[in-house]
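What follows is a short report on a single structure.
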Amino acid sequence: RAQVRFLQRDFYGGQEIDHFDSDVGRFVAVTPLGEPDVQSWNSRKEVLDYYRASVQRFCRHNYEIYGPFAHGRRVQPAVTISPTKDDPLSPRTLLLCTAASFYPREIEVRWLKNGRRATEGVFYGEQLHNGDWTYQTQVMLEDTPQRGDVYACQVEHASLQTPITVQWGTALLPLSLSKCGRGVVGALLGVVFVAVGLSRYLRSKQGKGGIRVFGGQDQGMRCISIPLRDAASGMLGFSVFCFYGREAPMVPPQI
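Just so we're on the same page, our numbering is the position in the sequence shown counted from 1, plus 44.
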């Protein structure tokens, strides 16, 4: 049979002054303010008998009604990650993992870095009661992210068949891929600006009818594309040059 304990605590001004503990069987003064009442109650047998019987009358009765609900209740945690910085100039980042609104109280929260459990720079916050039969807790990771690092918060709880894993951000691209991306964007922008500039120039020369730069229907005009290579990334781009006559004009050398 489950062990049940009855505890009544009296407060004044936000501070406990005395309590009755069924395991002790009498009133206990916590501060001098509670001593007069404690002495009076402990000297009266009928008062002590009443509170001692509260274990059966109050605790066991309610436990039989609500015990199955409390033991069988399961509420899954809501897991979120919040990045922050103590010093905006510092490369170190603080990642805060919050597991909220879960029941029962027992829970395990861990940080993973690149798939492995992080042990350095991990700080555990106090577990808090929400007042609605649920709990919340926070675990912080302080680290300096490097290119390619992946962080995740993993939570195990009785309400879960498998752990919850929440990933923060995405892996940063390697440096070479980042340069390639910049080269592609630069080359495409170059094509767009050249085409737009030529279109406006030719329209101003030919009047409202204009000459279509792309389409190949206008006599006397030829367009060629010149490959351009980005020195940083090695990626190829293209620029478009249009001209009149049979001979192509001088074009800038390839980079």
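Where a beta carbon is used, it is the ideal one built from N, C-alpha and C, also for glycine.
Requested in this report: Could you pull the start and end residues of the beta strand (DSSP E) that SER126 belongs to?
Outcome: SER126: member of the beta strand (DSSP E) spanning 122 to 128, first to last residue.
Q. What is the C-beta distance between ALA196 and TRP212, in whole angstroms, given that I count them as a contact (C-beta under 8 Å)?
A. Between ALA196 and TRP212 a beta carbon distance of about 7 Å is seen, short of the 8 Å cut, so the two are scored as contacting.
### Task
In angstroms with no decimal places, state the Cα-to-Cα distance between HIS115 and CYS103.
Looking at the two C-alpha atoms, the distance is approximately 16 Å.
| task | For SER126, collect the residues of the same chain with a Cβ closer than 6 Å to its Cβ; drop the 5 residues on either side in sequence, then sort them by chain order. | result | Counting only Cβ-Cβ distances below 6 Å, and skipping sequence neighbours, we find LEU140.
According to DSSP, is LEU138 part of a helix, a strand, or is it coil?
Three-state DSSP puts LEU138 in a strand.
Q) Within this structure, are the beta carbons of LEU185 and ALA162 separated by less than 8 Å? A) Yes.
Original post:
Quick one: does the C-beta of ASP193 sit closer than 7 Å to a heavy atom of the ligand PLP?
Top reply: With respect to the ligand PLP, the structure shown offers nothing to examine, as it has no ligands at all.
Cut-off 7 Å between Cβ atoms - residues of its own chain near PRO80, not counting five sequence neighbours on either side:
Closer than 7 Å at the Cβ level, and outside the excluded window around PRO80, lies no residue.
Could you tell me whether the Cβ atoms of ARG149 and TYR179 are closer together than 8 Å? In this structure, TYR179 lies closer than 8 Å to ARG149 by Cβ.
With DSSP run on the structure shown, which of helix, strand or coil describes GLU90? Residue state, collapsed to three classes: helix.
**Prompt:** Do ASP65 and VAL82 come within 8 Å of each other at the CB atom, strictly closer than that value?
**Reply:** Using a Cβ distance threshold of 8 Å, VAL82 and ASP65 do not count as a contacting pair.
Check your understanding: Ends of the alpha helix (DSSP H) at GLU108?
Key -> It spans 105 to 116 - the alpha helix (DSSP H) in which GLU108 sits, taken as one unbroken run.
- Simplified DSSP assignment, three categories, for PHE50: Per DSSP, reduced to three states, the secondary structure at PHE50 is coil, with no helix or strand assignment.
**Prompt:** How long is the line joining the alpha carbons of ARG96 and ASP67, rounded to whole angstroms?
**Reply:** Between the alpha carbons of ARG96 and ASP67 lies a distance of about 9 Å.
Original post:
Just reading off the beta strand (DSSP E) that ARG191 is part of, what are its end residues?
Top reply: Unbroken run through ARG191: none, as it is neither H nor E.
**Q.** Distance, VAL99 Cα to PHE55 Cα
**A.** For PHE55 and VAL99, the distance between alpha carbons rounds to 21 Å.
| DSSP state of ASP65, grouped into three classes? | Residue state, collapsed to three classes: strand.
query = Expressed to the nearest angstrom, what Euclidean distance is found between the alpha-carbon atoms of GLU200 and PRO76?
reply = Looking at the two C-alpha atoms, the distance is approximately 46 Å.
Using C-beta distances below 7 Å, list every residue in its chain close to PRO189, excluding the 5 sequence neighbours before and after it, in chain order.
Excluding residues up to 5 positions away in sequence, THR137 lie with their Cβ nearer than 7 Å to the Cβ of PRO189 in the same chain.
Quiz item: Between TYR147 and VAL123, which are expected to be in contact by the criterion C-beta below 8 Å, what is the C-beta distance as a whole number of angstroms?
Solution: Going by Cβ atoms, the distance from TYR147 to VAL123 rounds to 15 Å, so no, they are not a contact pair.
Quiz item: Going by beta carbon distance, what residues of the same chain come within less than 7 Å of LEU204, once the five residues before and after it are set aside?
Solution: If you ignore the 5 residues before and after LEU204, its C-beta comes within less than 7 Å of the C-beta of GLN120, all in its own chain and listed in chain order.
_If the criterion is Cβ atoms closer than 8 Å, does the pair ILE151 and ALA143 meet it?_
Judged by their CB atoms, ILE151 and ALA143 are nearer to each other than the 8 Å cut-off.
Discussion item. Please state whether the Cβ-Cβ distance between THR181 and GLY169 is less than 8 Å.
Written reply: The criterion of a C-beta distance shorter than 8 Å is satisfied by THR181 and GLY169.
Assuming the contact rule is C-beta atoms closer than 8 Å, ARG49 and GLU60 should be a hit. Round their C-beta distance to whole Å, please. Their Cβ separation, rounded to whole angstroms, is 17 Å, which puts ARG49 and GLU60 out of contact at 8 Å.
GLN261, buried or exposed, once every other Cβ within 10 Å from all chains shown has been counted against 16
With a pLDDT of only 46 at GLN261, under the threshold of 50, the placement of this residue in the model should not be trusted; the figure read from the coordinates follows. Looking at its Cβ environment, which holds fewer than 16 other Cβ atoms inside 10 Å, GLN261 is exposed.
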